[in-house]
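Numbering (the UniProt record's numbering), first residue to last: 1 to 433.
What follows is a single structure, written as structure tokens, with notes after it.
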Amino acid sequence: MDSEEYSESDSSYEDISDESDSDEDTLDPARNWCRIDQENLAPPPPRFPFSGNPGLNTRMDGSSPIEFFCIFFDDDIVGYIASETNRYAEYFIEKNDLTPSSRVQKWKDVDSSEIRVFLGIIILQGIVQKPLQKWYWSQRPLLSTPYLKQLMSEKRFSIIMKFLHFTNNETIDLETHPQPGLRKVYEVYDAINRKFKSSYVPERDVSVDESLLLYKGRLGCKQYLPKKKAMFGIKFYQLCEFSSGYIWNSLIYTGKDMPLWNESPKYKSTTNIVMTLLEDLIDKGYCVTLDNFYTSPELAELLLSHRTDVYGTLRPNRIGVPEEITKGTLKKGEIIGFQKGKICVMKYMDKKPICILSTVHNTVIVEQDKKRKKTHGKSERIVSKKPQAIIDYNLTMGGVDKADQCLSYYPTVRNQQKKYYLKIFRQILNQSV
């Protein structure tokens with residue numbers, strides 16, 4: 001169930017139920033689920049002590065935007081792109097019978113400085129948006145962008161885009177490649193993703209969700225997600241810091257060849273995805289918020305064994321959920337809950353039933369102030385009641401949504417891009433910005 005189905009929280013982050021942290025190394029779950037007595041609630045389970053050191057993990061000489069960007073697109077990455085682009089251009093010219101008038105005959109190798117200018121133009125095109133790329137070099141006063149002409153000619157930009165490449169096609173071995181579905185862009189994607197992780201340490205609360213990159217071309221791993229704005233495209237699984245939306249880790253769905261956690265044969269795919277994204281953060285006291293696509297008792301027990309807390313919406317038909325959760329009906333405002341060790345599963349009746357799993361909450365219901373606008377233009381403050389778990393879920397689940405919002409400000413991805421690997425590269429560039 002998506003977080004949009006719940007009202008936004010008016011409480012501050014400090015109000016989340018984590019007043020005390022657990023000093024125990026392990027919290028063994030009980031064998032059976034126990035019904036929670038709503039009249040005599042025990043305190044919520046304490047969170048694991050947080051041992052992370054949030055913040056920038058890279059030494060900076062200044063604080064300009066270009067310096068932050070160069071943390072990710074450093075000299076090694078840019079030099080690699082220039083080298084592979086030149087290699088592919090040479091290969092193309094040798095393998096094709098070109099006419100003397102072909103523009104490809106005038107190809108000159110690019111260097112790192114020219115690639116940086118090229119990337120700068122792509123970023124600028126995301127700020128100054130035009131429906132056709134050639135309009136950026138138009139001579140018409142209403143369409144022209146004079147500064148771009150000073151940086152690079154249209155012909156040079158177009159031919160670099162034609163040969164832009166990120167891997168050596170002749171050395172690709174599909175049997176040994178870590179992710180064959182991304183072979184055209186994997187080296188750059190993997191290097192930038194590792195930069196995202198090594199350059200910054202996220203705060204304790206993170207969230208995992210999917211993001212969809214619009215792509216309508218032919219691609220075996222193309223996904224259909226009707227609730228997403230793009231609906232069709234390339235699916236990213238992302239782990240984001242909830243407060244900033246910083247994309248700390250991501251996975252691109254490519255089917256069965258998607259690299260997952262090293263213990264993946266034991267668990268369901270959704271559990272493997274979360275553990276893969278969290279692998280470098282476990283055993284440090286982090287808390288991850290999930291939607292019902294991922295949340296399960298299996299995942300909760302696995303995360304607890306690695307000193308990591310979790311909460312999120314839950315599908316009542318998940319294996320391991322108490323049968324009583326799916327039975328019977330509740331009146332609006334009623335709640336039932338079951339406890340097993342540190343894991344609490346609850347069902348609350350709002351406009352429709354909502355199931356939550358949490359390792360840091362009990363079933364307490366709290367009052368929440370909300371504003372409701374009246375028809376005559378005035379507003380009055382009303383009080384609603386909700387479980388603290390739902391309020392906190394609404395607060396911390398939006399990390400990926402914040403990331404998508406930030407990406408929409410400077411959209412370097414163009415809908416006309418036909419090659420999937422260039423589409424992914426533009427998205428990576430956008431994330432770095």
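Note that the Cβ used here is the ideal one computed from N, Cα and C, for glycine as well.
When C-beta atoms of the region 123-141 are compared with those of the region 86-103, fewer than three pairs fall below 8 Å, so the two segments do not count as touching.
Taking a contact as a CB-CB distance under 8 Å, the pair I81 and I115 counts as one, their CB atoms being some 6 Å apart. Residue nearest to T276 within the set Y286, L251, V78 is L251 (criterion: CA-CA distance). Residue range 186-199 is occupied by the alpha helix (DSSP H) that includes Y189.
The three-state reading of DSSP puts R204 in coil, since its state is none of H, G, I, E or B. T329 counts as exposed, since fewer than 16 other beta carbons sit within 10 angstroms of its beta carbon.
A straight line joining the alpha-carbon of G398 with that of G245 spans about 8 Å. Taking 3 residues as the shortest admissible run, the region 53-131 contains no complete beta strand (DSSP E) segment at all.
A direct Cα-Cα distance of roughly 20 Å separates S207 from K229. Secondary structure at K351: coil, using DSSP grouped into helix, strand and coil. DSSP, read as helix, strand or coil, puts Y237 in strand. In the structure shown, the three-state DSSP call for S305 is helix. Put simply, of F118, M161, R183 the residue whose alpha carbon is nearest the alpha carbon of M152 is F118. Taking C-alpha positions only, L214 is separated from Q223 by approximately 10 Å. In the DSSP assignment, the residues bridged to D209 are Q238.
Relative to the Cα of A89, the nearest Cα in the group N169, P146, R426 belongs to N169. About 7 Å separates the beta carbon of G52 from that of R204, a gap short enough to meet the 8 Å contact definition. Look at T313 here: in three-state DSSP terms it is strand. The region 400-418 makes no contact with the region 176-191, as fewer than three CB pairs between them are under 8 Å. Its Cα nearest to that of R307, the residue D283 stands out among T326, D283, T289. DSSP places L422 inside the alpha helix (DSSP H), whose first and last residues are 420-432. For N249, DSSP records a beta bridge to L239.
In this structure S384 touches Q368 by the C-beta definition: roughly 5 Å separates them, less than 8 Å. Per DSSP, the beta-bridge partners of Q223 are G233. DSSP lists no beta-bridge partner residue for T171.
Taking 8 Å as the cut-off, the Cβ atoms of I428 and V188 count as close. The beta carbons of E301 and Y267 sit about 10 Å from each other, so the pair does not count as a contact at 8 Å. CA-to-CA, the gap between K155 and W107 works out to about 10 Å. Cα atoms of K130 and Y136: separation of roughly 7 Å, rounded to the nearest angstrom.
Rounded to whole angstroms, the Cβ separation of C240 and I247 is 5 Å, and the two are in contact under 8 Å. Around the C-beta of S113, fewer than 16 other C-beta atoms lie within 10 Å, and the residue is accordingly described as exposed. In the three-state reduction of the DSSP assignment, V288 falls in the strand class, which pools E and B.
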